[in-house]
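All remarks here apply to the structure that follows.
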Amino acid sequence: MRGCTRRLDTALLVAAVVALALNFALVPPAAQASPADPAAGPTPPTGVEVFDRQEDLGIRVTLSWSHRPECAGYHVYRAAKPDGAYELVGGVSADTMEEFPFFLDDGVTGGETYYYRVAALDGSWREGPMSEPVSAEPPSYRRSSGVGKYMVCSIGDQRVYFFENDVIVNILRCSTGAGGTPTGNYRILAHRGTVSGCPFWMDWKPNYGMHSWPSYLGGYEENLGVYPRSHGCIRLHPLEASWAYYWAPDGTPLTITYASLGRLPLQGASCSAGATKPSRTWYFAEGYTGGEFLEYLLLFNPGATEVNAKTTYYPENAPPVTEVYNVPAGTRRTVFVNGVTGL
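Position one of the sequence shown corresponds to residue 264 (this note's numbering), numbered consecutively onward.
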């Protein structure tokens, strides 16, 4: 049981500690996958991997992959065998992958083996071929108590934060009312499907809902996550609205506030404000790898050339440990801190 500090030195590197508190889940209705035309969309995503995290036990499978700037979003498919048949289990927008690069599949059973493939979407929503399959076998695990869920919509952040037992598990970009959205404490009243051309509608107040942006808008709503543009409802991305719809049962608390929650993951120079731009040197005051706590260090290189991230760990009562991680241009790399030799 020990703690440590760490320092990273690299060229234009954005880094974030991704602890077990950060999860991503999506459980839309399954749809049979149809073969994609390789010439119609982007090439498959690379770096698709499965994360084994303590907070996923008995609940979900966590996936991530390397985001490419030319992609508008991604579809995730799941099967019981490597050769299929694969069914659509959710999607992630490009903006979410830049801020919160995780996909969580809650529709799994512990002890079963699943296979996943990911397909990229271009700006015209054309889907490319799927990636090679990766397997996941979530463990059988019985939790001693239920999961307490609630949501906070920050008008200031234009984000919705989703909590399980007071831990943020997901963050979605949203668009609230251009003329205002009522603030206060509410609960999900009903799941109504599609209302007025808006799929995945959940009532939280008469005539107000949380839902996908209206289908009549057609293409991407550029104000999502930036400026309030709805008629008063809470709009979500069509690739992600299904996650909220199936995650939040009727009665789930919803707080709407002007207060900022920091747009987690952190984006400033402190644990509440983060850093506003990439930096060559980063310091993290403390880490913890004892007990059953699992810690990850997520490195992101937004530059046009590859970098070598020199990382020095300072464990308690032990000499410093230095490792160098190569991070190609426009990609991210995840370091499992518990597995670093010497800690």
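Cβ coordinates follow ideal geometry from the N, Cα and C atoms, glycine included.
Going by beta-carbon coordinates alone, are residue i and residue j separated by less than 8 Å?
i    : j    : result
F363 : I434 : yes
R389 : A441 : no
A382 : G370 : no
C496 : G472 : yes
D385 : G304 : yes
L499 : G336 : no
L557 : Y576 : no
G566 : P332 : no
D368 : R323 : yes
So which of the options has the shortest CA-CA distance to residue i?
i    : options                   : result
S417 : V410, S438, G411 and G409 : S438
E586 : V600, R595 and N580       : V600
P256 : W328, D420 and E427       : The chain is shown from 264 up to 606; residue 256 falls before or after that span and cannot be answered.
T325 : C334, T574 and G353       : G353
T372 : I431, D429 and P402       : P402
G525 : P591, F314, T568 and I431 : I431
M393 : R543, Y521, W328 and M360 : W328
G640 : W510, R380, V355 and N470 : There is simply no residue 640 to check, as the chain begins at 264 and stops at 606 in what is shown.
G443 : V311, V489, R422 and H494 : H494
T306 : R380, E312, F314 and I451 : R380
Y521 : V423, V311 and G409       : V423
D315 : N470, D429, T457 and E555 : E555
D429 : W506, P516 and V458       : P516
W506 : E312, V313 and V355       : V355
Below 7 Å CB to CB, which residues in the same chain sit around residue i once its five sequence neighbours on both sides are set aside?
i    : result
A504 : P462, F463, H474 and S475
G460 : P477, S478 and Y479
P345 : Y378 and P396
Y508 : H454, F463 and M465
T568 : A592
H330 : A357, M360, E361 and P364
V489 : Q421
G409 : none
N470 : none
S535 : Residue confidence for S535 is low, a pLDDT of 41 falling below 50, so the modelled location carries little weight and cannot support an answer.
Apart from the five residues on each side of it in sequence, which residues of its chain come closer than 8 Å, Cβ to Cβ, to residue i?
i    : result
T376 : A343, S398, A399 and E400
T518 : Y413, M414, V415, C416, G447, N448 and Y449
R455 : W464, M465, D466 and G472
K468 : P445, Y449 and L452
S523 : S417, G419 and D420
V313 : V324, T325, L326, Y379, V397, S398 and A399
Measure how close the beta-carbons of residue i and residue j come, nearest whole angstrom, since I'm counting them as under 8 Å.
i    : j    : result
L320 : Y404 : 4 Å
Y588 : V603 : Actually they are not in contact, since the Cβ atoms of Y588 and V603 sit about 11 Å apart, beyond 8 Å.
R595 : L562 : 6 Å
For residue i, collect the residues of the same chain with a Cβ closer than 6 Å to its Cβ; drop the 5 residues on either side in sequence, then sort them by chain order.
i    : result
A357 : C334, A335 and G336
V290 : Model confidence at V290 stands at a pLDDT of 36, short of 50, so the residue's coordinates are unreliable and nothing is read from them.
P583 : T575 and Y577
F425 : M414, V432 and N433
A308 : One detail in the question is off: residue 308 reads as Pro in this sequence, not Ala. Within the same chain, P308 has close Cβ partners W328, V381, A383 and S394.
G310 : W328 and S329
V242 : There is simply no residue 242 to check, as the chain begins at 264 and stops at 606 in what is shown.
G374 : S403
A581 : none
Secondary structure, alpha helix (DSSP H): runs of 4+ residues fully inside the stretch 333-415 | 357-362
Please go through the stretch 576-604 and give each complete beta strand (DSSP E) segment of 3 or more residues, from N-terminal end onward.
-> 584-590 and 595-599
Fully enclosed by the stretch 467-519, which alpha helix (DSSP H) runs are 4 residues long or longer?
-> 504-510
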